[in-house]
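With my numbering, the residue at position 218 of the sequence shown is 226, and numbering never jumps.
Note that the Cβ used here is the ideal one computed from N, Cα and C, for glycine as well.
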Amino acid sequence: MIEIPDSATRELAATATDRNIVVTAGAGTGKTTLLVKRLLYLLLRRSAPLTIDRIVGLTFTNKAANELKLRLRTELRKEAANELAAKALAGLEKSQIGTIHSFAAHLLRLFPVESGIDPLFQQDDGPLFKDFFNQQWMLWLDRELGPAGTRQEVWRAALKVASLEDLKTLATHLAGELVPLDRNLLTEEPGMPPPIVTWLTDLARQATALRQGHPKTNTLERMLDSAVACLN
């Protein structure tokens with residue numbers, strides 16, 4: 009039997025409930041196994057065990073969430089004779105063991121009035137936004153660059169410093185950014201409100217600094233180049 013040097017620390021991480029636990033380790037070192045052990049401890053401990061609907065276990069990806077749930081199911085089945093394990097196993101599919109996105113969606117559906125969101129909303133893992141953005145981008149370009157467009161001079165000036173693809177790349181990522189467009193900023197005065205100018209200037213400064221630190225040209229660097237070209 010292989011002895012693990014930090015076995016005592018791992019045991020503490022799996023069973024301590026009087027403090028927050030942060031585990032930092034590389035890939036393949038047993039983080040998921042440790043998390044499963046912690047979940048099992050909370051579910052099956054002799055003193056004040058938790059029901060599975062009182063536990064939240066979150067990961068970033070669907071793959072990791074599925075693996076976590078699969079491993080937990082396997083371990084619970086090994087303890088099927090235990091009434092607590094049997095109850096946890098029965099409620100596993102309804103548990104909040106999943107991704108951060110799925111948990112956030114669950115909360116929004118529980119409190120639609122408070123969140124101001126239609127409870128029938130559809131969660132987007134990426135493709136829906138991309139398709140919708142491309143559709144709206146083409147419609148917008150048709151209005152802006154078509155014969156009926158009223159800002160031809162503005163576009164000529166803009167396209168001298170940035171390509172259309174640069175503008176699209178920037179717009180794509182700004183659409184997912186928390187742009188501070190409070191109602192009090194949307195005035196009828198000509199030009200861009202000062203807070204927006206300040207925000208864009210700060211973004212340009214950050215993008216330039218990041219690009220200077222990354223001489224290679226990969227996807228991230230191309231995004232930064234597009235941002236700098238448009239923001240400057």
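Extent of the continuous alpha helix (DSSP H) run through Ile108 = Taken as a continuous stretch (DSSP letters only), the alpha helix (DSSP H) holding Ile108 covers Ile108 to Leu118.
Work out the CA separation of Leu149 and Ala179 for me, nearest whole Å.
-> The alpha-carbon separation between Ala179 and Leu149 amounts to approximately 12 Å.
Comparing alpha-carbon positions, which option in Leu50, Trp163 and Ala21 lies nearest Lys39?
-> Of the residues Leu50, Trp163 and Ala21, the one whose Cα lies closest to the Cα of Lys39 is Ala21.
Counting along the chain, where does the alpha helix (DSSP H) carrying Leu66 start and finish?
-> That residue, Leu66, is in no alpha helix (DSSP H); its beta strand (DSSP E) goes Val64 to Thr67.
Terminal residues of the continuous alpha helix (DSSP H) containing Val6?
-> Outside the shown range of the chain (9 to 240) lies residue 6, about which nothing can therefore be said.
Whether Gly106 touches Ala73 by CB criterion (7 Å) | Inclusion of Gly106 and Ala73 in the CB contact set at 7 Å is warranted, their separation being smaller than that value.
Within 7 Å, strictly: CB atoms of Ile108 and Leu66 = A contact, by the Cβ cut-off of 7 Å.
When DSSP labels each residue in this structure, what does Gln104 get in the three-state scheme?
-> The answer is strand: DSSP assigns Gln104 an E or B state.
Near Arg191, what residues of its chain come up, given a Cβ to Cβ distance below 7 Å and the 5 sequence neighbours on each side ignored?
-> Here Arg191 scores only 44 on pLDDT, less than 50, and its place in the model is too uncertain to base an answer on.
Test item: CB-CB of Pro57 and Leu100 under 7 Å = For Pro57 and Leu100, no; Cβs fall outside 7 Å.
Pairwise C-alpha distance: Trp163 and Val169 | Distance between the alpha carbons of Val169 and Trp163: 10 Å.
Would you list, in sequence order, the uninterrupted alpha helix (DSSP H) runs of no fewer than 4 residues that lie entirely inside the segment 27-58?
-> Annotation: the segment 27-58 contains the following complete segments of the alpha helix (DSSP H) (minimum length 4 residues), in chain order: 39-52.
If we ignore side chains and look at the alpha-carbon of each, how far apart do Ala165 and Ser171 end up?
-> One C-alpha to the other measures close to 11 Å.
Does DSSP put Gln220 in a helix, a strand or coil?
-> Three-state result, Gln220: helix.
Would you call Asp210 buried or exposed, if buried means 16 or more other Cβ atoms sit within 10 Å of its Cβ?
-> Asp210 comes out exposed.
Quick one: what's got a C-beta closer than 6 Å to Gln160's C-beta in the same chain, skipping five residues either side?
-> Result list for Gln160: empty, nothing under 6 Å.
Could you give the distance in angstroms between the alpha-carbon of Asp126 and the alpha-carbon of Leu97?
-> Cα to Cα, Asp126 sits roughly 32 Å from Leu97.
Pick helix, strand or coil for Pro13, following the three-state DSSP scheme.
-> It is coil, neither helix nor strand.
Compare the Cα-Cα distances from Thr59 to each of Phe137, Ala35 and Ser103 and report the closest residue.
-> Comparing Cα positions, the closest option is Ser103.
Have a look at Arg151 and Phe129 and give me their C-alpha separation to the nearest angstrom.
-> Those two C-alpha atoms are separated by around 29 Å.
Whole-angstrom distance between Ala35 and Arg62, CA atom to CA atom | Across the structure, Arg62 and Ala35 are spaced so that their CA atoms are roughly 29 Å apart.
Touch test, the segment 114-121 against the segment 80-89, Cβ-Cβ under 8 Å, three pairs minimum | No: fewer than three Cβ pairs fall under 8 Å.
Just how far apart, CA to CA, sit Ala112 and Phe68?
-> Approximately 12 Å, taken between the alpha carbons.
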